[in-house]
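Student: Using the numbering used here, the letters of the sequence shown correspond one by one to residues 1036 to 1291.
Glycine included, every Cβ here is placed at the ideal spot set by N, Cα and C.
This one's a predicted model, so the numbers in the text were calculated from it and none came from an experiment.
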Amino acid sequence: MHKAKVLMNKQISPSIYSLLLEVETPLLANFLPGQFVKIRVSPNFDPFLPRPFTLHAVYDSAFEVIYQVVGRGTKAMTLLRAGDEVEFFGPLGRPFPKIFSPYLVCAGGVGVAGFGFLCQGLKPDFPLPDKLLYGARTAQQLVKLDFFSALLPTVVATDDGSLGIKGTVADLLLAEIRSKNYQAILACGPPKMLKAVAEIGKKFGIKVYLVLDTLLACGTGYCLGCAVPKRGGGYFKLCVDGPTFDAEDIDLEFLR
């Protein structure tokens, strides 16, 4: 368990917030792209379980998470103010696999949050993606677009056409992979999007890695609450085996 001080907690789009936490600098050296932390949102243990959040970005003495208000825990987080102290566990989970360029990152909605640290290019063992394909229902739901656009080429799609092309991440992906021979795709977003990306990758012979999100309680592999079905039977534990998986290793029917 570690302690952190809140530097900033602000709303950045409808129901989505950015939380910046100051920690001891040596701890940040242990963080790797693709990992997550579990934050205790209240000192009185209500709610009891810490909430998991992917690492969005890492700075000199702080890290940032992006969270969407979906229940009691994240609603309580919106009440945090600069100067407040929180406790967290981490880093947890496996980092992103070592992917060789050229490769694409595909993100849907708030799923883009977990790619910020990777796109900052702070870890030499994790090459920068060649391009980000980013989609959401509306322009208002595109998170940290300026942040990503400043780091790498970014192409946008919205369901309603309010920004970028009118369409989906799958539409962007089909157009992009016909223009260049990509080695791999790294994707995070809604289950329907992930399944579509996996199917496109398989069709074109491109390796696909999926960053999954499911119910997660202990974060250490003991409670089995975050089971991910394997292709052919059995289960992975998302908290210790993931959250990133080779799309060929999981049962895609899990993505509904």
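#1: Which class does G1108 belong to by DSSP, given the choice of helix, strand or coil?
#2: Along the chain, where does the beta strand (DSSP E) that runs through I1101 open and close?
#3: Taking T1193 as the reference, give the member of L1186, E1122 and L1180 with the closest Cα.
#4: Leaving out five residues on either side along the sequence, give the residues of the same chain with a beta carbon under 7 Å from the beta carbon of K1230.
#5: What residue ranges within the stretch 1195-1220 form continuous alpha helix (DSSP H) runs of no fewer than 4 residues, ordered along the chain?
#6: Compute the distance between the beta-carbons of V1100 and S1053, then report whether it is under 9 Å.
#7: Who are the Cβ neighbours of P1132 in its own chain at under 7 Å, not counting the five residues just before and after it?
#8: So does L1180 have its beta carbon nearer than 8 Å to some heavy atom of the ligand SAH?
#9: Answer with buried or exposed for H1091, where buried requires no fewer than 16 other C-beta atoms within 10 angstroms of its C-beta.
#10: Suppose the cutoff is 8 Å on Cβ atoms and the five residues either side in sequence are ignored; what does the same chain contact list for Q1218 look like?
#11: DSSP on P1061, reduced to helix/strand/coil?
#12: My guess is that G1146 and C1274 are in contact by the Cβ rule of under 8 Å, so how many angstroms apart are they, rounded?
#13: Give, in chain order, every unbroken run of the alpha helix (DSSP H) that is at least 4 residues long and sits entirely within the stretch 1125-1166.
#14: Per DSSP, Q1046 forms a beta bridge with which residues?
#15: In the DSSP assignment, the alpha helix (DSSP H) including D1181 goes from what residue to what residue?
#16: Within a Cβ cutoff of 6 Å, which residues of the same chain sit near G1202, ignoring the five residues on either side of it in sequence?
#17: Find out if the Cβ-Cβ distance for the pair F1150, L1167 is shorter than 9 Å.
#18: Using 9 Å as the threshold, is the C-beta distance between K1038 and F1123 below it?
#19: Hey, quick one: how far does the alpha helix (DSSP H) through F1289 stretch, first residue to last?
#20: Taking the DSSP output, what are the residues bridged to L1090?
Tutor: On the basis of the coordinates in this document:
#1: Here residue 1108 corresponds to residue number 73 of the sequence shown, with the count starting at 1. In this structure, G1108 counts as helix in the three-state DSSP scheme.
#2: Taking the first residue of the sequence shown as position 1, residue 1101 is located at position 66. Per DSSP, the unbroken beta strand (DSSP E) holding I1101 starts and ends at A1097 to Q1103.
#3: Walking along the sequence shown from the start, residue 1193 turns up at place 158. Taking only the C-alpha atoms, the option nearest T1193 is L1180.
#4: As a working mapping, residue 1230 is identified with position 195 in the sequence shown. Same-chain partners within the cutoff: L1287 and L1290.
#5: The stretch 1195-1220 is shown to contain whole alpha helix (DSSP H) runs of 4 or more residues at 1204-1212, in chain order.
#6: Taking the first residue of the sequence shown as position 1, residue 1100 is located at position 65. Taking the first residue of the sequence shown as position 1, residue 1053 is located at position 18. Yes, the pair counts as a contact, with Cβ atoms nearer than the cut-off.
#7: Position 97 of the sequence shown, counted from the first residue, corresponds to residue 1132. Residues of the same chain with a CB within less than 7 Å of the CB of P1132, apart from the 5 flanking positions on each side, are Y1244 and T1279 in chain order.
#8: Only the bare structure without any ligand can be found here, which leaves the ligand SAH out of the picture.
#9: For the purposes of this step, residue 1091 is taken as residue 56 along the sequence shown, with counting starting at 1. Counting the other CB atoms within 10 Å of its CB gives H1091 a total of 16 or more, which places it among the buried residues.
#10: For the purposes of this step, residue 1218 is identified with residue 183 of the sequence shown, where counting begins at 1. Closer than 8 Å at Cβ, skipping near neighbours: I1134, F1135, S1136, P1137, Y1138, I1241 and K1242.
#11: Indexing the sequence shown from 1 puts residue 1061 at position 26. Of the three classes helix, strand and coil, the one that applies to P1061 here is helix, per DSSP.
#12: Walking along the sequence shown from the start, residue 1146 turns up at place 111. Walking along the sequence shown from the start, residue 1274 turns up at place 239. That belief does not hold up - the Cβ atoms of G1146 and C1274 are roughly 18 Å apart, past 8 Å.
#13: Qualifying alpha helix (DSSP H) stretches, in chain order: 1151-1155.
#14: In the sequence shown, residue 1046 corresponds to position 11, counting from 1. The partner list for Q1046 (beta bridge, DSSP) reads Y1052.
#15: By one-based count along the sequence shown, residue 1181 stands at place 146. In this chain, the alpha helix (DSSP H) harbouring D1181 covers L1180 to S1184.
#16: Counting from one through the sequence shown, the residue named residue 1202 turns up at place 167. Sequence-distant Cβ neighbours of G1202 in its own chain, meaning closer than 6 Å and more than five residues away, are A1192.
#17: Position 115 of the sequence shown, counted from the start, is the residue given in the question as residue 1150. Position 132 of the sequence shown, counted from the start, is the residue given in the question as residue 1167. Against a cut-off of 9 Å, the Cβ pair of L1167 and F1150 comes out as a contact.
#18: What you label residue 1038 is simply residue 3 of the sequence shown in a count that begins at 1. What you label residue 1123 is simply residue 88 of the sequence shown in a count that begins at 1. If you check the CB distance, K1038 and F1123 come in under 9 Å.
#19: Locating residue 1289 in the sequence shown gives position 254, counting from the first residue. It is not in any alpha helix (DSSP H) - F1289 carries neither H nor E in the DSSP assignment.
#20: One-based indexing of the sequence shown puts residue 1090 at position 55. Answer is none; L1090 lacks a bridge partner.
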